[in-house]
C-alpha cells in the first residue's frame, strides 16, 4: 500500500458507484482543441495533427523524430495524452528549408492517420492549445440513473475540484517517492524522468491543499491573501513556497508542513511559485444512456484539466486495462 494519499475528497457528495472505463481504447477519446488562428500557415515548423491509438505522446514524438531525421528536441507538442485511448493531437517538427513535407507526411501516414498538416513560425509549447474535448464510455454502472443524472447536472453548474489525475504520480505514488529520494539536488540538465518526479511532488502538494479546501468547503471561495481574488487558486510549490499571503499562506504552509519530506524537495529549486485554479470548469457537458448500464459522456476541459478528476466526483473508476487508472 502506498504511503502517499492518491485519492482525495469529493466536493459534491459520496461517489455513487463504480464504473468500468477503457474496456477498449475507443471508450476514451480525446480531441485536442486549438483556436482558428493558432497556426501561421508558413514558417520553419511542420505541424501534423495525428490520430493515435494505444501509443503515448512521447513515444510518438520519438518515432516522428526518427522518421524526419531530426533531433528529439526538434519535435514538440501541446501536452501529454493518454496511451490507453484514441487521441487526436498536434505535433510540430523543426524542418527549416525543407521542401519534402508531403513525402514525410506519407511516411508518417503509414504509422498513424495524419488528419491535418500546416506550417508554423515556432515550435508548439505546452498548454498553448485551447483545451481538450472528451468522448467517454462508462460501463457496468450500478447506480440509479436518476441519481447519476442529478449529479451530472450539479457538476455542469459548479464544476469539480481541479485535482491532478493519478497518472501524474506513477503507480502507487512512485514518482513522488523518486522526488523525495533525489531531494533538492541541483536539476541542471535533469533527465525527463527526474523532471516528472519533481512535477509529481509539486502536483501532489497542490492536491493536498485543494483537499483541505474541499473539506473546509472553501474551494470556491476566496480567502484573505489570495494572489488574485478573481481566481480561487492553490499553490504550485516553488522556491520560497507559495505566492499567497496572510490567512491563505498560513493554511497552505500548514498543509505542506504535514509532509516535510516532500516540502524538502523544493529547498533550492530556483523554481518560482505558481498558482493553479482550484475549480475545474466543464464546457459543453452532455450525456446519454445507450444501454441500461452504459453511460456516454462528452465534455471539454481547459488545458491541464484531468477527465478522471471530474469522473471521480460521481464514480469510482475501474480501469478496463491492466494499468493504474490514468488521467487526461
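Residue numbers (the working numbering): -16 to 311. Backbone N, C-alpha and C define an ideal beta-carbon position, used for all residues, glycine too. Predicted model, so just to flag it, every value in this text is computed and none were measured.
Counting only the Cα atoms, residue 154 lies some 25 Å from residue 72.
Under the DSSP assignment, residue 48 falls in the alpha helix (DSSP H) whose first and last residues are 40 to 51. Among the bridge pairs identified by DSSP, residue 270 is matched with 280.
Per DSSP, reduced to three states, the secondary structure at residue 165 is helical. By the beta-carbon neighbour count (other beta carbons within 10 angstroms, threshold 16), residue -14 is exposed.
In the displayed model, residue 296 falls within coil according to three-state DSSP, outside both helix and strand. Beta-carbon to beta-carbon, residue 134 and residue -5 are separated by about 6 Å, close enough to satisfy the 8 Å threshold. For secondary structure counted as the alpha helix (DSSP H) over 4 or more consecutive residues, the segment 128 to 215 holds these complete runs in sequence order: 128 to 141, 157 to 165 and 175 to 198. By the C-beta criterion, the segment 250 to 259 is judged not to be in contact with the segment 80 to 98, since fewer than 3 inter-stretch pairs fall below 8 Å. Membership of residue 14 in the beta strand (DSSP E) is indicated by the continuous run 11 to 16. Residue pairing by DSSP places residue 72 opposite 33 in a beta bridge. Nearest C-alpha to residue 164 among 139, 247, 21 and 253: 247.
In the DSSP assignment, residue 59 falls within the unbroken beta strand (DSSP E) covering 58 to 60. In the assembly as shown, residue 218 is a buried residue. Its beta-carbon has 16 or more other beta-carbons within 10 Å. If you draw a 10 Å sphere on the C-beta of residue 198, you find fewer than 16 other C-beta atoms in it, and that means exposed. Listed as beta-bridge partners of residue 2 by DSSP are 300. Listed as beta-bridge partners of residue 263 by DSSP are 143.
Beta-bridge pairing by DSSP links residue 218 to 258. Residue 93 and residue 68 have their C-alpha atoms spaced approximately 19 Å apart. Taking all protein chains shown into account, residue 9 has fewer than 16 neighbouring C-beta atoms within 10 Å of its C-beta and is therefore exposed. Distance from the Cα of residue 194 is smallest, within the candidate group 181, 216 and 207, for 216. The straight-line gap separating the alpha-carbon atoms of residue 105 and residue 272 is approximately 43 Å. As DSSP reads the structure, residue 102 sits in a beta bridge with 29. Around the beta carbon of residue 269, fewer than 16 other beta carbons sit within 10 angstroms, so the residue counts as exposed. In the structure shown, residue 122 adopts extended strand secondary structure according to DSSP, grouped into three states. As a beta-bridge residue in DSSP terms, residue 116 pairs with 14 and 283.
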